[in-house]
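Asker: If you count by my numbering, then the sequence shown holds residues 320 to 778, one letter each, in order.
Ideal Cβ positions, reconstructed from N, Cα and C, are used throughout, including at glycine.
Quick caveat, the model's predicted, so the values are computed rather than measured.
This is the structure I have questions about; it appears just below.
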Amino acid sequence: MPLLIKNGEIITGDSRFRADIYCEGEIITRIGPALKVPPGTEEIDAAGQYVFPGFVDPHVHIHLPFMGTLSKDTHTTGSQAALIGGTTTFIEMCAGTRFDDPLESYGLWKSKAAGNSACDYAFHMGVSRFDTTTADQLREVVRDGTTSFKVYLAYKGFFGVDDEELFKVLALAKELGVIVTAHAENADLIAQLQAQLLAEGKTGPEWHEPSRPVQVEADGTSHFATFVEATGAKGYVVHLSCEAALAAAMAAKSRGVDLAIECVIPHLILDASYAERPDFEGAKYVMSPPLRTLRDQRALWWALEQGFIDTVGTDHAPFDFRGQKEMGREDFTQIPNGIAAIEDRVNLLYTYGVSRGRLDIHRFVDAASTRAAKLFGLFPRKGTIQIGSDADLVVYDPRYRGKLSASTQVMNVDYSGYEGMEIDGRPSVVTVRGAVQVRDGTFIGDPTRGELLRREPVS
Ligand code: URP
Ligand code: ZN
């Protein structure tokens with residue numbers, strides 16, 4: 320059925336105007352004032368509300384076997400949570416370890432998502448080793464439309480690559496025109512600091528941050544940037560968390576290194592004091608890179624507003640407190656790293672950014688949707704509102720007031736890292752390729768509507 324969204328205020332990364340949007344056959348076909356539409360059109364009145372392009376989360380883990388356990392969301396729960404929060408496309412890490420065959424991992428991640436996602440999705444292909452078969456396998460993945468890679472400098476011996484492997488991944492990516500995303504922390508330094516802290520009897524979650532201080536990340540960021548520079552590839556630093564790493568990335572960019580920067584919602588909203596909460600509660604806030612100081616947080620907001628930070632993702636990594644985070648009760652290095660956020664990213668960024676005066680509304684759309692779509696080969700199909708784009712639309716009610724809570728979330732996790740936090744708006748309607756999937760915080764659509772997005776290399 321055709322769809323009309325009328326009377327809303329359309330906001331994109333670079334424009335703002337009042338108009339109706341008419342969608343037919345999954346795409347936007349007309350935009351203009353007081354559109355006349357045929358009988359049988361589904362009409363949504365967006366008066367008093369914003370209409371944003373569907374939001375794109377460039378950093379998501381749904382299926383994640385990690386640190387001796389398995390993440391809690393399925394593609395069913397994760398994608399419906401994403402949509403309730405206004406995210407209509409996510410890019411998931413295909414996260415095989417160095418012991419797994421890359422093509423088998425790619426097939427496994429695809430099979431987990433296929434037919435189970437309510438929103439559209441793509442993958443970053445994880446590269447955890449580089450042997451004689453890897454280049455051909457990665458070429459096949461790129462031919463299949465997965466045109467971004469992910470490397471870890473952390474998690475040595477599991478996900479992590481060494482320098483020879485890093486060089487080879489970047490050189491291949493340069494040849495193929497593929498962007499390489501990187502978790503940039505110095506793995507050896509982390510291992511030394513962890514061992515030292517544990518030997519001193521420092522076993523609680525509050526010691527996670529001291530085991531991965533800002534120098535670990537600044538060094539990892541500058542190391543990755545050096546390899547990007549030497550190979551001439553295009554790099555993207557994921558979940559950059561602190562001023563020191565920002566300075567390292569900016570120094571590389573200022574000498575011409577082709578490097579994009581992502582930050583993630585936990586680092587913008589939460590700080591290190593959360594991981595210091597007593598009675599092991601701090602374990603809920605263990606993620607890597609760790610939560611940082613308020614000064615670091617201010618640096619991230621500033622760089623985001625300026626556009627030096629390109630994108631805001633989640634690094635959604637859903638682990639329960641009971642039974643999963645608790646695995647690290649006696650040893651913080653055994654706490655599964657990650658915080659669930661796919662449902663809350665857009666509302667938190669809107670509330671603590673736009674509504675509280677820290678972030679321009681166009682930069683908000685750009686950082687949470689448009690720029691990720693551009694960097695990862697999805698634009699203009701995703702990330703904007705224009706004729707011919709997919710009809711992924713978020714009618715957003717800025718008058719809504721509510722609080723985040725584990726008791727009301729759809730993410731399949733037994734706690735919320737944002738429990739009790741106020742939000743100043745939420746999506747009232749969310750569409751995926753012209754079909755209404757969410758109304759007023761409730762998923763009401765087709766749980767299998769999501770499609771794997773095949774992408775072309777960007778450069
Ligand atoms: O703590 C995190 N970030 N968990 C997920 C895995 C990763 O490092 O991205
Ligand atoms: Zn990471």
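#1: Does any heavy atom of the ligand URP sit closer than 7 Å to the C-beta of A591?
#2: With which residues is F374 paired in a DSSP beta bridge?
#3: Measuring only the C-alpha atoms, how far is T750 from L495?
#4: On a Cα-Cα basis, can you pick out the residue from V535, S560 and A571 that is closest to E548?
#5: Grab me the residues of I403's own chain with a C-beta within less than 8 Å of its C-beta, minus the 5 sequence neighbours each way, in chain order.
#6: Under a Cβ-count criterion, where at least 16 other Cβ atoms within 10 Å of its own Cβ denotes burial, should T540 be classed as buried or exposed?
#7: CA-CA distance, T612 and R531?
#8: Tell me the rounded alpha-carbon separation between T670 and F477.
#9: With distances taken Cα to Cα, identify the nearest neighbour of D284 among G554, T727, T360 and R648.
#10: Three Cβ pairs or more, each shorter than 8 Å: is that satisfied between the segment 588-595 and the segment 607-621?
#11: Taking 7 Å as the cut-off, is the beta-carbon of S724 closer than that to any non-hydrogen atom of the ligand ZN?
#12: Between I350, A567, Y555 and N656, which has its C-alpha nearest L578's C-alpha?
#13: With a cut-off of 8 Å on the beta carbons, I'd call M606 and G657 a contact; round off their distance for me.
#14: Output the distance between the C-alpha atoms of L422 and V460, rounded to the nearest integer angstrom.
#15: Once you ignore the five residues that flank R399 on each side, which residues in its own chain have a CB closer than 6 Å to its CB?
#16: Within 10 angstroms of its Cβ, does D709 collect 16 or more other Cβ (buried), or is it exposed?
#17: Using a 10 Å radius around the Cβ and a threshold of 16 neighbouring Cβ atoms, would you call E786 buried or exposed?
#18: Who pairs with R745 in a beta bridge, going by DSSP?
#19: If we ignore side chains and look at the alpha-carbon of each, how far apart do T406 and G702 end up?
#20: In whole angstroms, give me the CA-to-CA distance for I680 and V557.
#21: Sort out for me which residues DSSP pairs H635 with in a bridge.
#22: Using 7 Å as the cut-off, classify the Cβ of S607 as near or not near the heavy atoms of the ligand ZN, replying yes or no.
#23: Report the partner residues of I580 according to the DSSP bridge assignment.
#24: Can G434 and T767 be called in contact, C-beta distance under 8 Å?
#25: Could you please give the first and the last residue of the uninterrupted alpha helix (DSSP H) stretch that includes Y425?
#26: Give every residue of the same chain whose Cβ lies closer than 8 Å to the Cβ of A618, excluding the five residues on either side of it in the sequence, and list them in chain order.
#27: Which whole-angstrom value describes the C-beta separation of L667 and I580, a residue pair presumed to lie in contact below a C-beta threshold of 8 Å?
#28: Let me check understanding here. Comparing Cα to Cα, which of K487, V370, L623 and T466 lies closest to M412?
#29: Are the CB atoms of K429 and L771 nearer to each other than 8 Å?
#30: Nearest to P524 by alpha carbon, out of A687, Q625 and Q653?
#31: I'd like to know whether the C-beta atoms of M320 and G359 end up nearer to each other than 8 Å.
#32: Whole alpha helix (DSSP H) runs in the segment 642-692 with 4 or more residues, listed along the chain?
#33: Which of the three DSSP states, helix, strand or coil, is assigned to P529?
#34: In this structure, does DSSP put L623 in helix, strand or coil?
#35: Just list the residues that DSSP pairs K475 with in beta bridges.
Answerer: Here's the rundown:
#1: No, Cβ of A591 sits at least 7 Å from all heavy atoms of the ligand URP.
#2: T406
#3: 33 Å
#4: A571
#5: E662, V729, P746, V749, V757, G760, T761 and F762
#6: buried
#7: 13 Å
#8: 37 Å
#9: There is no way to answer for residue 284, as the model of the chain reaches only from 320 to 778.
#10: yes
#11: no
#12: Y555
#13: 5 Å
#14: 8 Å
#15: One detail in the question is off: residue 399 reads as Gln in this sequence, not Arg. Hits under 6 Å: A437, V729 and F762.
#16: buried
#17: No answer is possible for residue 786: it lies beyond the span of the chain, which begins at 320 and ends at 778.
#18: Under DSSP, the beta-bridge partners assigned to R745 are D716.
#19: Whole-angstrom Cα-Cα distance: 11 Å.
#20: 23 Å
#21: V379 and I658
#22: yes
#23: V556
#24: Yes, the Cβ-Cβ distance between G434 and T767 is below 8 Å.
#25: P421 to A432
#26: C561, E562 and L565
#27: With 8 Å as the limit, L667 and I580 do not qualify as a contact, their Cβ atoms being about 19 Å apart.
#28: When each option's Cα is compared against that of M412, the closest is T466.
#29: yes
#30: Q653
#31: Yes. Within cutoff.
#32: 664-668 and 680-684
#33: helix
#34: helix
#35: Beta-bridge pairing links K475 to no other residue.
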